[in-house]
């Protein structure tokens, strides 16, 4: 899968502390603007900011609804927690969304929230989900990527007997629209996760923060690619840039820094509440005004 050198801009609307109509309004507007090429949700079951008892929508369900309400945007979750859903079930869900969208899914996945993040961790306890340590989470992520790709591409049922996953007669039908499969984006910054990125990802997402750290993490990813004989340029580089409605110049500076650092897949994180015509504002103030 090829990756262009020109920056590709998208938006991220965290489906928390908002209504369905809020998110739908932003996505429908973005779908009409060619400069905005992709749109994302996150994957949490409870709020990680604001009112701890506020609304949070389940990501894949909402993504399928938005896929049916848009026609052009590439779309995905940034990123799916591999801790929430069995990987074979996740492969089926994702294939369904790719069909609903007409082949526009970008499949984002990661190891899940880090154990030391109590605000994020509570959603596992509240939903009766196991919360294994980081080594387990990353190891199972690698097996999940292997199984999901096989389910999307293999024409016959298969068994899988791994360290973390055990499947008998695994099969996915219908397959995704995209061939050989939807692009796989893996998010994360840990060394262990970057090894999984080198082996399985078409796109790597750096979650944001210090861009200098993103450059160092990217260099480590290059090294891991070299160790397994993969061209590092075959993995696109993505970054989340938080948007400031009050100080767009600061956001433009961060975008420029990210692009200079080699990130070409720019995800603009929109804080809620979203202003009227937010996608047009993003286009005119952040994308078209870039120096």
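In my numbering, the protein residues as written are 244 to 534. Yeah, the Cβ is synthetic: ideal placement off N, Cα and C, and Gly gets one too. In this text, all values refer to a predicted model and were calculated from it rather than measured experimentally.
Taking all protein chains shown into account, residue 477 has fewer than 16 neighbouring C-beta atoms within 10 Å of its C-beta and is therefore exposed. Residues of the same chain with a CB within less than 8 angstroms of the CB of residue 421, apart from the 5 flanking positions on each side, are 341, 346 and 348 in chain order. By DSSP's assignment, residue 255 forms a beta bridge with 283 and 512. Taking residue 299 as reference, the option from 309, 286 and 307 with the minimal CA-CA separation is 286.
The C-alpha of residue 279 lies about 16 angstroms from the C-alpha of residue 320. When C-alpha distances from residue 370 are compared across 482, 288 and 525, the shortest belongs to 288. Annotation for residue 468: 441 and 475 place their beta carbon closer than 6 angstroms to its own, counting only its chain and skipping 5 residues before and after. When the five nearest sequence neighbours on each side are left out, the beta carbons in the same chain lying within less than 7 angstroms of the beta carbon of residue 382 are those of 406 and 407, in order along the chain. If you ignore the 5 residues before and after residue 384, its C-beta comes within less than 6 angstroms of the C-beta of 325, 354 and 439, all in its own chain and listed in chain order.
Cα atoms of residue 264 and residue 366: separation of roughly 24 angstroms, rounded to the nearest angstrom. Secondary structure of residue 356 (DSSP, three-state): coil.
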